[in-house]
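Chemist: In the numbering used here, the protein residues as written are 1 to 705. Mind looking over this structure? Questions follow.
Structure below.
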């Protein structure tokens with residue numbers, strides 16, 4: 001009888017924990033040895049002040065670290081034992097850092113908000129602060145956006161980790177070699193695709209790693225239109241190596257076809273130990289949180305300022321955080337927990353091509369590209385599950401559970417991640433069955449109707465731009481995560497609760513998209529039974545992956561609806577015909593006031609209109625509520641239509657007006673509440689929690705629809 005893939009029983013859980021204890025990590029000497037600050041700008045953001053927190057200053061520099069390759073907690077780094085070592089037997093690396101901190105430490109909130117940059121780009125200022133286009137090197141006042149993070153007093157840290165990043169966040173990791181010092185040569189794959197117009201298509205393509213040999217007979221170049229198509233081999237005489245890092249089609253002047261998938265399988269050399277990114281992401285915030293000085297005696301720029309560390313990643317960096325927690329890197333060399341909480345956005349259930357020999361961290365799995373990358377490698381969920389594809393048990397939180405270093409995790413995804421990134425695997429088992437419980441310390445949310453990232457511009461032809469932004473939801477989640485860590489106030493329950501996923505749709509996709517597959521890749525240190533290192537990636541077994549059900553276009557079931565952007569509506573006024581003079585209304589409650597005359601059809605439907613009947617059929621007319629002035633009777637208009645006149649004083653404090661009556665009732669209710677001692681605190685704005693909102697007041701929660 002085949003084993004069930006559902007959640008493991010307590011006996012299986014105990015067995016798995018017992019096995020893992022055999023490899024429980026010991027103390028190591030991995031740490032940041034030197035912090036070099038190369039640029040200080042005070043104040044930053046053009047001298048803009050942020051409420052009670054005041055001014056911010058910017059520090060740019062580099063963090064230099066080293067890792068003990070013999071330490072058990074570093075053994076998960078691929079090829080760490082083959083990396084060159086310094087005189088102390090340690091493996092060195094360095095990465096760029098940027099710090100934004102309050103000028104007055106006493107006004108900060110003692111929380112470090114650490115964002116892993118996305119290919120060298122800062123995204124949190126755009127996603128949380130509504131900054132239009134933040135600069136990473138010279139932030140101006142406009143780059144602060146609404147200043148949400150700064151007004152709340154966060155110290156902001158940004159670092160590099162991706163080999164493809166350039167500029168201030170470039171990272172340098174060593175090249176692995178054989179034990180005798182000879183270069184490592186092994187199989188590598190590069191997928192080449194170009195979307196340029198044919199006239200400007202490039203004639204050369206750049207490879208991720210240098211080729212070991214420039215003989216085209218020792219490599220294979222194929223082309224196809226879709227992944228479901230058969231690969232067509234390009235003859236060895238139809239292309240050439242220009243050098244070890246570039247290739248070109250022949251005859252001279254031949255361009256790559258736009259949109260087609262070119263795949264080069266070749267023997268590469270000099271693999272970079274890219275898994276050191278996990279150590280860099282672990283050690284940098286750990287040093288800034290707890291250390292006083294570095295090994296050279298230079299002061300820690302954040303010494304004594306930090307009590308809580310919150311990690312944040314958007315898209316690719318969030319997938320790296322999945323691997324960091326899964327591989328046990330949330331525990332530093334002294335046994336301390338690194339991240340108290342993690343806010344992960346649009347990561348899906350994926351990891352990435354990060355910790356492999358000849359890794360390509362910039363690659364990502366999409367509908368038409370990168371389908372061969374090892375993003376969907378078990379485990380996907382935080383719970384301990386059995387996977388029938390790999391025939392093993394696993395869960396992302398097993399290692400940190402053993403050491404007591406699991407962070408609080410809020411996972412938020414857009415609709416796109418359920419269709420493209422296997423998002424449902426976060427809360428279903430490997431056969432698509434719903435899990436009936438959340439992992440401890442984890443919440444999962446679906447932001448309805450959102451693409452992977454906000455679009456810019458007016459849209460494409462008749463397809464208008466999506467006006468929704470994830471910023472209100474992410475701001476609410478950050479506040480909830482902070483309260484969960486600091487005050488043990490649990491956030492709202494997971495939206496897209498597993499038990500409610502029953503109406504999810506299981507799609508059959510066209511063969512050239514085949515989004516339901518979760519792929520297996522050979523190579524690196526990925527242990528897959530029956531797959532030899534050096535094999536081309538190939539389809540094997542697929543997993544069922546549900547997607548959210550729909551209530552209508554853009555309306556996912558069991559999701560969070562984000563607030564629409566709104567403008568204040570004009571009040572309804574008397575409707576007049578074009579050319580009619582503005583007449584003084586003799587019925588004004590106070591003499592001398594005039595009503596403004598505009599065309600009523602040019603106004604949106606006012607909030608003072610109620611529909612006739614409890615349930616109004618489509619197309620039925622609206623009936624206005626009584627206002628300050630009496631409603632005039634309807635008079636027939638042109639084309640047999642009805643026209644009405646409504647006079648409402650534009651002032652809100654007119655005696656006898658509907659708004660004044662509501663204000664009077666509210667004041668009376670507050671007086672009664674004060675007498676009972678149950679007065680309610682003011683409600684803060686969901687779009688941007690302003691500094692005027694009291695911290696001791698009620699938290700603004702996620703929108704519940």
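Every residue, glycine too, gets a C-beta built ideally from N, C-alpha and C.
Does the Cβ of residue 39 have 16 or more other Cβ atoms within 10 Å, making it buried, or fewer, making it exposed?
Modeler: With fewer than 16 Cβ atoms within 10 Å of its Cβ, residue 39 is classed as exposed.
Chemist: Between the Cα of residue 89 and the Cα atoms of 298, 102, 68, 104, which residue gives the shortest distance?
Modeler: 68
Chemist: In whole angstroms, what is the alpha-carbon distance linking residue 128 and residue 185?
Modeler: 44 Å
Chemist: Among 369, 403, 41, which has the Cα closest to the Cα of residue 223?
Modeler: 369
Chemist: Quick one: what does DSSP say residue 408 is sitting in, helix, strand or coil?
Modeler: strand
Chemist: Between the beta-carbon of residue 707 and the beta-carbon of residue 342, is there less than 8 Å?
Modeler: An answer regarding residue 707 cannot be provided, because it is not within the stretch 1 to 705 covered by the chain.
Chemist: Which first and last residues belong to the alpha helix (DSSP H) in which residue 471 is found?
Modeler: 471 to 487
Chemist: For residue 217 and residue 266, what's the separation of their Cα atoms in angstroms?
Modeler: 10 Å
Chemist: Identify which residue in 173, 178, 105 has its Cα closest to the Cα of residue 152.
Modeler: Residue 105 is the option with its Cα nearest to residue 152.
Chemist: Quick one: any contact between the region 113 to 129 and the region 54 to 63, if contact means 3 or more CB pairs under 8 Å?
Modeler: no
Chemist: Counting only runs that start and end within the region 315 to 391, where is the alpha helix (DSSP H) found for 4 or more residues in a row?
Modeler: 316 to 326
Chemist: Looking at the unbroken beta strand (DSSP E) that takes in residue 64, where does it start and where does it end?
Modeler: 56 to 67
Chemist: Can you find at least 3 beta carbon pairs, one from the region 290 to 305 and one from the region 374 to 393, that sit closer than 8 Å?
Modeler: Contact between the region 290 to 305 and the region 374 to 393 is absent: fewer than 3 CB-CB pairs across the two stretches fall below 8 Å.
Chemist: Around the C-beta of residue 439, are 16 or more other C-beta atoms found within 10 angstroms, so that it is buried, or is it exposed?
Modeler: buried
Chemist: Considering just the uninterrupted stretch of the alpha helix (DSSP H) at residue 420, what are its terminal residues?
Modeler: 415 to 420
Chemist: Which residue wins for smallest C-alpha separation from residue 443, given the options 181, 273, 426?
Modeler: Comparing Cα positions, the closest option is 426.
Chemist: Residue 176 to residue 331, Cα distance in whole Å?
Modeler: 25 Å
Chemist: Using 10 angstroms around the beta-carbon of residue 242, count the other beta-carbons present and answer buried if the total reaches 16, otherwise exposed.
Modeler: Residue 242 comes out exposed.
Chemist: Below 8 Å between beta carbons: does that hold for residue 294 and residue 111?
Modeler: no
Chemist: Establish whether the CB of residue 399 and some CB of chain C are separated by less than 8 Å.
Modeler: Looking at the structure shown, chain C is missing, and only one protein chain is on hand.
Chemist: Are the region 158 to 170 and the region 274 to 290 touching, with three or more C-beta to C-beta distances below 8 Å?
Modeler: yes
Chemist: Could you check what DSSP says for residue 127 in three-state terms: helix, strand or coil?
Modeler: helix
Chemist: Per DSSP, which one or two residues make a beta bridge with residue 31?
Modeler: 66
Chemist: Buried or exposed for residue 359, going by 16 or more other Cβ atoms inside 10 Å?
Modeler: buried
Chemist: When the distance is taken between beta carbons, is residue 211 closer than 8 Å to residue 244?
Modeler: yes
Chemist: Within the chosen definition, does the region 140 to 155 reach the region 346 to 358 through at least 3 CB pairs nearer than 8 Å?
Modeler: no
Chemist: Going by CA-CA distance only, name the one from 132, 141, 84 that's closest to residue 46.
Modeler: Scanning 132, 141, 84 for the CA closest to the CA of residue 46 turns up 141.
Chemist: Pick helix, strand or coil for residue 491, following the three-state DSSP scheme.
Modeler: The answer is coil: DSSP assigns residue 491 none of H, G, I, E or B.
Chemist: Alpha carbon to alpha carbon, what distance is there between residue 490 and residue 228?
Modeler: 46 Å
Chemist: Nearest to residue 173 by CA position, among 84, 154, 393, is which residue?
Modeler: Selection 84, 154, 393 evaluated against residue 173 yields 84 as nearest (Cα-Cα).
Chemist: Please name the residue, chosen from 317, 371, 320, 336, that lies closest to residue 263 on a Cα-to-Cα basis.
Modeler: 371
Chemist: DSSP three-state label for residue 253, please.
Modeler: coil
Chemist: From residue 355 to residue 446, what does the alpha carbon distance come to, in whole angstroms?
Modeler: 28 Å
Chemist: Residues in its own chain within less than 8 Å of residue 76 by CB, not counting five upstream and five downstream?
Modeler: 275, 278, 327, 328, 329, 355
Chemist: Quick check for students: name the residue ranges of the alpha helix (DSSP H) that lie wholly in the region 244 to 307, counting only runs of 4 or more.
Modeler: 276 to 290
Chemist: Assign residue 206 to one of two classes, buried (16 or more other C-beta atoms within 10 Å of its C-beta) or exposed (fewer than that).
Modeler: exposed
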